[in-house]
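For reference, the structure discussed in these notes is given below.
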């Protein structure tokens, strides 16, 4: 199955943005074979939650960032090695699968290392050090040596799983020479390797070495094995010749002991932050670590970054990247369904379906799409679309309302089986944002940012059944607007609180005093930073055009 398509509204979504996303996702599932999911990029307000509960509809998937991340390119099916596996077994595993690197993880799937085949090959080569034990040192355990040799362990078996710093001595010379060579090192670190040479076997007992490796498949005498048991000496019978056995012992080091530095990325790291770092690295494979659990989630190579998969989006109720979910400019935009002005900053790499209708709500457009296809939405979807349409047109009283809105609402209300008048009353009474939310959250509930003539302006709107809650919180709301300007580098911010019963709004302002002075010319200042706006109820068709025209006459800040 192909990647899902997300239908998503603007940041700080209102009821129309949520309900249009739900409705259009349902429509696309009817006309396409793709997986289509309704999504949102902000908190759902109380009224919209009331609608979803009434409709029995699931809340859209919360999607706050769609930028491609390490998790998106990481291959999930990963061949791994455990820390106690030998260098040799891991090396063979990498050769068998033609891998240049392999993740080493513990029992909890936490990453320990990322050895590469080149690094392992270098570790097999002799050191240039002049230290007498440098090329004899082997950090391993007896059990690993037995495994690497495919041999048989006889004699003392205590501590065979403990990783130790051992010294490898091949007794191929005379007994005296072998004794002199062995005595240069601590006996309990010695691994003495020899063939069918009883005198060397006795030497091992005499010295009390850690381990005697008898090569060529030769089985020592029973009395020697008994003495080895008494003296705590491990005896390994190996089928290889002495030279081969010595090499295999060197390769028996546990891979978990080969600690080295490596680059890794958390699952949420944006790819744009990864690409440059990866391009300048010689590391062949890069692990992706789950940000929550710390476990290995996947791996990727440089070639995986050539064709990066992008999240597929359908944007509804807006057509500006500045209002879209974070990372929308890096996503694949499939369609745009909207009823607002064109901003000019939305650009796509491929042709897209772009529907922009001058109607009162995006939910109206979704209803039109159903009718054009001869389809009828189910009851749940119809209820959602009714709510989106009623909300954005203030129950068909907003100046943005068209005859099309009226026709579509009548049709949807019939399909939904609702009493439109009662529904409207219940919807607007479902929750007061000013009463239930903090001032900062109330301002963010339905907020849009516009850029005009060099000015960055934020306009928030709240619809209330009366203005009582506003007058109680006006000072706190103004402080929240001031903080908003500072936090988002805005020149001006305002909050329009609309009394839907009186068809009247008040405007609370903060920011550049020149804008405030210009507003004062046209509207009555009811109290400091608060203006009466009788008959103004639409941000899109009334307030924004007014402010846009106003700042176009001012010198840019």
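Numbering (this note's numbering), first residue to last: 48 to 604. Beta carbons: idealized from backbone N, C-alpha and C, even for Gly.
Continuous alpha helix (DSSP H) stretch holding residue i: start and end
i	result
residue 133	No alpha helix (DSSP H) holds residue 133; DSSP gives it neither H nor E.
residue 274	269–277
residue 508	Looking at the DSSP string, residue 508 is not in any alpha helix (DSSP H); the run it does join, the beta strand (DSSP E), is 502–511.
residue 592	591–599
residue 566	560–569
residue 319	318–326
residue 120	117–120
Assigned exposure category for residue i - 16 Cβ within 10 Å defines buried
i	result
residue 266	exposed
residue 161	buried
residue 425	exposed
residue 221	exposed
residue 502	buried
residue 495	buried
residue 248	buried
residue 387	buried
residue 122	exposed
residue 436	buried
residue 480	buried
residue 450	exposed
residue 128	buried
residue 307	exposed
residue 77	exposed
residue 507	buried
residue 398	exposed
residue 581	exposed
Expected contact under 8 Å - CB spacing of residue i and residue j to nearest Å
i	j	result
residue 343	residue 158	5 Å
residue 392	residue 369	7 Å
residue 462	residue 438	Contact flag wrong, Cβ pair sits at about 18 Å.
residue 148	residue 331	5 Å
residue 52	residue 87	Residue 52 to residue 87, Cβ: 15 Å. No contact.
residue 434	residue 474	6 Å
residue 302	residue 192	The Cβ separation is near 15 Å, so there is no contact.
residue 432	residue 407	That belief does not hold up - the Cβ atoms of residue 432 and residue 407 are roughly 12 Å apart, past 8 Å.
residue 213	residue 185	5 Å
residue 556	residue 566	7 Å
residue 377	residue 130	Going by Cβ atoms, the distance from residue 377 to residue 130 rounds to 38 Å, so no, they are not a contact pair.
Residue i - containing beta strand (DSSP E), residue span
i	result
residue 199	199–202
residue 187	184–187
residue 347	343–347
residue 362	359–363
residue 545	539–546
residue 309	No beta strand (DSSP E) contains residue 309, which DSSP labels as neither H nor E.
residue 161	Segment: none, residue 161 is in no beta strand (DSSP E) and carries neither H nor E.
residue 333	333–336
residue 574	572–574
residue 579	577–581
residue 55	52–55
Close Cβ partners of residue i (< 6 Å) along its chain, the five nearest in sequence each way excluded
i	result
residue 416	74
residue 311	334, 336
residue 400	382
residue 138	167
residue 251	239, 259
residue 199	284
residue 207	189, 190
residue 379	357, 359
Same chain only: Cβ atoms within 7 Å of residue i, ignoring 5 sequence neighbours per side
i	result
residue 107	65, 68, 69, 85, 86, 87
residue 476	512
residue 292	196, 240, 260, 262, 285
residue 520	481, 486
Closer than 8 Å to chain D by CB, residue i
i	result
residue 199	In the structure shown, chain D does not exist; there is a single protein chain.
Contacts around residue i, its chain only, beta-carbon distance under 8 Å, and the 5 residues preceding and following it disregarded
i	result
residue 348	331, 332, 333
residue 599	499, 500
residue 571	578, 579
What are the complete beta strand (DSSP E) segments, minimum 3 residues, inside the stretch 218–289? Listed in chain order, they are 237–241, 258–261, 281–284.
Give the list of continuous beta strand (DSSP E) stretches no shorter than 3 residues that lie fully inside the stretch 62–104. Taking only runs of at least 3 residues, the beta strand (DSSP E) segments lying wholly in the stretch 62–104 are 83–87.
Which full runs of the beta strand (DSSP E) of 3+ residues lie inside the stretch 374–410, going along the chain? Listed in chain order, they are 379–385, 400–403.
In chain order, what are the residue ranges of uninterrupted alpha helix (DSSP H) at least 4 long that sit wholly in the stretch 436–520? The qualifying runs are 450–463, 467–475, 480–483, 486–491.
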